[in-house]
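Working notes, beginning with the structure itself.
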Amino acid sequence: MSLSEKFIVLPFKKNRGNIVPGEMRQASSAASAEKIATAMSTRHLGVAAYAIQVDEESGDMTSPKLIISFGETADLTVN
1 MSLSEKFIVL
11 PFKKNRGNIV
21 PGEMRQASSA
31 ASAEKIATAM
41 STRHLGVAAY
51 AIQVDEESGD
61 MTSPKLIISF
71 GETADLTVN
């Protein structure tokens with residue numbers, strides 16, 4: 001298993017009364033993810049930037065670590 005750290009930004013929206021993630025955007029660094037999330041925060045119910053571990057072979061994403069969040073978001077770290 002070959003893991004690498006990636007940075008993603010997720011906007012959140014309401015769907016049938018629940019807060020759900022929208023389309024994921026990838027960032028090149030933690031600073032870039034924070035900048036993108038900040039810019040998106042005025043246009044979405046909530047936005048969060050995460051550092052995640054990605055298995056390069058399977059594409060599985062694990063261990064999300066919150067960098068920054070704005071507004072209403074859902075917790076991705078639930079077991």
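So the sequence shown is residues 1 to 79, counted in the numbering used here.
Beta carbons are placed, not taken as given, at the ideal position from N, Cα and C, and that holds for glycine.
Practice problem: Between the Cα of Ser4 and those of Ser32, Pro11, Met61, spot the shortest distance and give me the residue it belongs to. | Solution: The residue you call residue 4 lines up with position 4 of the sequence shown. Checked all of Ser32, Pro11, Met61; the closest Cα to Ser4 is Met61.
Exercise. Give me the Cα-Cα distance between Ile8 and Gly17, rounded to the nearest whole angstrom.
Key: Walking along the sequence shown from the start, residue 8 turns up at place 8. Walking along the sequence shown from the start, residue 17 turns up at place 17. Straight-line Cα distance between these residues: approximately 24 Å.
Quiz item: Which of the three DSSP states, helix, strand or coil, is assigned to Ser32?
Solution: Looking up residue 32 in the sequence shown gives position 32. Three-state DSSP puts Ser32 in a helix.
Quiz prompt | Among Glu56, His44, Ala48, Lys35, nearest to Asp75 - alpha-carbon criterion | solution = Within the sequence shown, numbered from 1, the residue matching residue 75 stands at position 75. Among Glu56, His44, Ala48, Lys35, the Cα nearest to that of Asp75 belongs to Ala48.
Quiz item: From Leu157 to Val54, what does the alpha carbon distance come to, in whole angstroms?
Solution: Here the chain covers residues 1 to 79 and nothing more, so residue 157 does not appear.
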